[in-house]
């Protein structure tokens, strides 16, 4: 092996580091996922996973919206029931505290 120093410009060094990082991250991802690089079903699986996530986001947003409406209507119903009980005289908060 040649042990002479190599002179690189800053751009060349950055390109070299970028290529090495991309290659290393790809090899790491392949090792973690346990797949072969020649696996053709990987692209299909990743596309299906992205489609599933794209379908989940609006579903989650709609569920949170519905939950918020349910809580809001519950509070309004409770306040209405309290107002009705107070106006009809069927319940008075101070009567229950006196002996």
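In the numbering used here, the protein residues as written are 1349 to 1447. All residues carry an ideal CB built from backbone N, CA and C; glycine is no exception.
Which of the three DSSP states is assigned to residue i in this structure?
i, result
"residue 1357", "coil"
"residue 1414", "helix"
"residue 1438", "coil"
"residue 1389", "helix"
"residue 1373", "helix"
"residue 1367", "helix"
"residue 1409", "helix"
According to the Cβ coordinates, are residue i and residue j closer than 8 Å?
i, j, result
"residue 1431", "residue 1439", "no"
How about residue i: is its Cβ closer than 7 Å to a heavy atom in the ligand PLP?
i, result
"residue 1352", "No copy of the ligand PLP appears in this structure; indeed no ligand is present at all."
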